[in-house]
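One structure below.
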Amino acid sequence: MLFTLKKVTGGLLLPLPFLLLMMGLAIALLWFSRFQKTGKGLMTASWVILLLLSLQPVADGLLKPIENRYPTLHTSQPVKHIVVLGGGYTWNPDWAPSSNLIGNSLPRVTEGVRLWLANPGAKMIFTGAPARTNPVSTAEAGARVAESLGVPRSSIMTLDTPKDTEEEAAAVAAAIGKEPFILITSASHLPRAMIFFRQQGLNPIPAPANQLAIASPLNFWERIIPSPTWLMHSDRVAYETLGRIWQLLKGVSGEPGEK
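Those letters in the sequence shown? Residues 3 to 261, by this note's numbering.
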């Protein structure tokens, strides 16, 4: 119940649903009340914020500091385990395996396979519980895609009970103990994930995937025309900020020993 409440409340506080709710309230004030100035002000503010969050310089300017917390892992550091955190997925056996990994999930798995190729003796660990109506878990979906890319099943382990990052950290701690391992998740999610894993007394080596904030050159029209792509980047900023606030409310203040 708490998990569902957290997801629903958090979802409504993300930029698009929140601003649509504000616009809906503004429309109600304009049509059905005498608070015309309030309605106009609320509509104008919501529109301007939505516009700004849909522009590349604003969205990526907000996202870049979060994603740049940890650099891409280029060195081949010998480890026994490579942990890939779960994300969005479905499972349709008629699709190509990789098509079942939605949004942030596929880049996480492909980065895991890249690092496994540099450490072929390591075991890949995929985490994540099944969605309510899906018999295949998030972990199993990632494992099947990795297997389709050449990782033998004997080199794969699935932890398919965790429903969120905090539970994933606890499950990994129970499975492998405190020896160093590579931790792969989206670059925007990695700082928050590292806090949970360090709180378990673990020794993760951070490996970001799915970087979104663009620092390389773009066509000028891509920078000035609003796009759902950039709004999605702003959405990641809001999602991780809300997640960090939730950590603080639970008393998870930061990484032990962080300088």
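Glycine included, each C-beta is placed from N, C-alpha and C at the ideal position.
Check, Outcome
"With 16 other Cβ atoms within 10 Å as the buried cut-off, status of residue 79", "exposed"
"Assigned secondary structure, residue 129 (DSSP; H/G/I helix, E/B strand, else coil)", "strand"
"Residue 183 - partner residues in DSSP beta bridges", "206"
"Residues sharing a beta bridge with residue 47, DSSP", "Its beta-bridge partners do not exist; DSSP assigns none."
"C-alpha gap between residue 241 and residue 229, whole angstroms", "19 Å"
"Top-ranked residue by Cα proximity to residue 233, from 55, 15, 32 and 83", "55"
"Contact the segment 98-117 vs the segment 183-202: 3+ CB pairs below 8 Å", "yes"
"The segment 143-151 in contact with the segment 82-101 per 3-pair CB rule at 8 Å", "yes"
"Those runs of the beta strand (DSSP E) which lie wholly inside the segment 83-138 and span at least 3 residues", "83-86 and 125-129"
"Selection from 166, 127 and 76 that minimises the alpha carbon distance to residue 82", "127"
"Under 7 Å between C-beta atoms of residue 90 and residue 104", "yes"
"Residues of its chain near residue 20, where Cβ-Cβ distance is below 7 Å and the 5 sequence neighbours each way are ignored", "14"
"For residue 15, the three-state DSSP class (helix, strand or coil)", "coil"
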